[in-house]
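Novice: This is the structure I have questions about; it appears just below.
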Amino acid sequence: MWITKPINLAYLGLGFVLSIALSCAKVTNADREKLPGLDQEQSLTEHAALAAPINTRIIVFNGGSEGIYHSYRIPSIIKTKNGTLVAFAEGRRWSPSDYGDINVVFKRSMDNGTTWSALGEVVGKGNGTWGNPTAVYDPSVGVNGRIWLFLEWNDEFKTKWSDFQAWGDRRIHTSYSDDHGATWSDPVDRTGTLTPLSYKWDCVGPGIGIRTAYDHPGRLIVPAYGRNIYSDDHGATWSYEPVPGGTDESTIVELMNGSLMRNDRPNTTEWNISKTRRKSVGSISGNFSSFSAVSALPDPKCEGSILRYNVDDPNRIIFLNPNGTSQRCNMTVRISYDDGETWPISRALYDSGNCNYTTSTVVYGGYSSMVKTSDYCIGALIEYNENVHDSANSNKSIEFNKFNLAWILNGRTEP
């Protein structure tokens, strides 16, 4: 039976400090005097929808311009309880390719994404391909909370799927930070317990996991290839529960009745059927439905990102991906008010000319990861290609897009 009691906002990471500057929400002194809790969150969320529209961009990971890495790809972003944003990416040392010497790197922002720290490495010692950063935050551990980061490793000379011939060729690891992402533990290999024995290839995320609020409150869940990885003891131990097949890269969000929704990139066979995203709904205890096509969400064989923005009425889930079936451009943000059944509100982040590969050199779009900032904006890390006319060799970079509900709505009325 699904639990329908009022939600504890702390589990969703929606706590806030009232003294911060809420630039994405229109806040009055009367709002600040309200009691903390759901009513406060409702008030500020409503104001966020009425605020002046905001849409800004800043480069965070600049390929070829920071002295170490040719390209940056595969973003992930998380927020800690003091409002720190921690952004992750694959730092690809010699080329934009998916193989070779690749490390997982990070930057931090203490001002809601306005400025960013110098580049740091979560893992970078020795050779090999580290990738698919997927972060999940547990605010209940210690004083600062704990960021868990899942990542994959394989030999750098494996250049294509067919090179992975045996279980263990692709290995899943975790690292964690207890100081808002400033320092990181040595990675721990968890392949033995978290990778099914039938797997030769594996893929965690990429992007973010969630901390549940309704069913088993406080459970940490990380979406992965063919399964959900989870912990009920703050990461002391991790287990997994299989989900139906047919997809590759994965996202997850908790619905209002406590169930879980996966919204995934289809594998090639499924993509050839309808060229759309795939979704499945269920729980960690099982009963995930077979993945079905989401006709409202076209997919060009690319990762997407999903975010629970709020739980009060109207509850909102935000989704972002390249809106099309052929090219990774035309990044479009959408809002669902019915737990992913429909997506009535959408807006493209860039102008329509961005998808013209003939006249454009730089094209914005690709993999993404979203976070709700402390000033009630949505922050999205989005890849871009610096030269689409030489994609095999051009630098790939990642920028931070910051926009609010008012900008997405663009004058339209919500349900």
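Those letters in the sequence shown? Residues 400 to 814, per the working numbering, in order.
Glycine residues also receive a C-beta, built at the ideal position from the N, C-alpha and C atoms.
Leaving out five residues on either side along the sequence, give the residues of the same chain with a beta carbon under 7 Å from the beta carbon of T590.
Specialist: One-based indexing of the sequence shown puts residue 590 at position 191. Contacts found: G567, R570 and I571.
Novice: What's the gap between the Cα of W529 and the Cα of V603?
Specialist: Here residue 529 is taken as the residue at index 130 of the sequence shown, counted from 1. Here residue 603 is taken as the residue at index 204 of the sequence shown, counted from 1. Those two C-alpha atoms are separated by around 12 Å.
Novice: Verify whether the separation of the beta carbon atoms of N800 and A779 is less than 9 Å.
Specialist: Residue numbering aside, residue 800 sits at position 401 when the sequence shown is read from its first letter. Residue numbering aside, residue 779 sits at position 380 when the sequence shown is read from its first letter. Taking 9 Å as the Cβ cut-off, N800 and A779 qualify as a contacting pair.
Novice: Thinking L706 and K599 are a contact (beta carbons under 8 Å), I'd like their distance in whole angstroms, please.
Specialist: Residue 706 sits at position 307 when you count from the first residue of the sequence shown. Residue 599 sits at position 200 when you count from the first residue of the sequence shown. That pair is no contact at about 32 Å.
Novice: Strictly by DSSP, which residues pair up with D537?
Specialist: Residue 537 sits at position 138 when you count from the first residue of the sequence shown. The partner list for D537 (beta bridge, DSSP) reads R545.
Novice: With H, G and I counted as helix, E and B as strand and the rest as coil, what does DSSP make of D789?
Specialist: Stepping through the sequence shown from its first residue, residue 789 is reached at position 390. Correct three-state label for D789: helix.
Novice: Under 9 Å between the Cβ atoms of Y629 and E640?
Specialist: For the purposes of this step, residue 629 is identified with residue 230 of the sequence shown, where counting begins at 1. For the purposes of this step, residue 640 is identified with residue 241 of the sequence shown, where counting begins at 1. Yes. Within cutoff.
Novice: What are the boundary residues of the beta strand (DSSP E) that includes E813?
Specialist: Here residue 813 refers to the residue found at position 414 when the sequence shown is read from its first residue. Neither: E813 is in no beta strand (DSSP E) and is coded neither H nor E.
Novice: Would you report the Cα separation of G541 and T724, rounded to the nearest angstrom?
Specialist: Here residue 541 is taken as the residue at index 142 of the sequence shown, counted from 1. Here residue 724 is taken as the residue at index 325 of the sequence shown, counted from 1. Each residue's alpha carbon lies about 45 Å from the other.
Novice: According to DSSP, is M518 helix, strand or coil?
Specialist: Here residue 518 is taken as the residue at index 119 of the sequence shown, counted from 1. For clarity, residue 518 is Leu in the given sequence; the question names Met instead. In the structure shown, L518 sits in coil (DSSP, three-state: anything other than H, G, I, E or B).
Novice: Using 9 Å as the threshold, is the C-beta distance between I777 and I807 below it?
Specialist: Residue 777 sits at position 378 when you count from the first residue of the sequence shown. Residue 807 sits at position 408 when you count from the first residue of the sequence shown. Contact flag set, yes.
Novice: Buried or exposed: R626, going by 16 or more other Cβ atoms within 10 Å of its Cβ?
Specialist: Taking the sequence shown and counting its residues from 1, one reaches residue 626 at position 227. Burial call: buried.
Novice: So is D537 buried or exposed if we call it buried at 16+ other beta carbons inside 10 Å?
Specialist: Here the question's residue 537 lines up with position 138 in the sequence shown. Buried, since its Cβ has 16 or more Cβ neighbours within 10 Å.
Novice: Could you tell me the distance, in whole angstroms, from the CA atom of G657 to the CA atom of T533?
Specialist: Position 258 of the sequence shown, counted from the first residue, corresponds to residue 657. Position 134 of the sequence shown, counted from the first residue, corresponds to residue 533. If you take the alpha carbons of G657 and T533, they lie about 22 Å apart.
Novice: At which residue ranges does the segment 652-684 contain complete beta strand (DSSP E) runs of 3 or more residues, listed in the order of the chain?
Specialist: Counting only runs of 3 or more, we get 659-663 and 675-681.
Novice: Going along the chain, which residues of its own chain have a beta-carbon closer than 6 Å to the beta-carbon of P815, five neighbours each way excluded?
Specialist: Missing from the structure shown is residue 815; the chain here goes from 400 to 814 and no further.
Novice: Alpha helix (DSSP H) containing A805: first to last residue?
Specialist: Stepping through the sequence shown from its first residue, residue 805 is reached at position 406. Element bounds for A805: L804 to L808.
Novice: Is the segment 455-470 close to the segment 482-493, with three or more CB pairs under 8 Å?
Specialist: yes
Novice: Can you give me the C-alpha to C-alpha distance between W742 and Y613, rounded to a whole angstrom?
Specialist: The residue given as residue 742 occupies position 343 in the sequence shown. The residue given as residue 613 occupies position 214 in the sequence shown. Cα to Cα, the separation comes out at about 23 Å.
Novice: Which of helix, strand or coil does DSSP assign to S494?
Specialist: For the purposes of this step, residue 494 is taken as the residue at position 95 of the sequence shown. If DSSP states are grouped into helix, strand and coil, S494 belongs with coil.
Novice: Please report the straight-line C-alpha distance between P699 and T646, rounded to a whole angstrom.
Specialist: On the sequence shown, position 300 is the one that residue 699 refers to. On the sequence shown, position 247 is the one that residue 646 refers to. Their backbone Cα atoms lie some 14 Å apart in a straight line.
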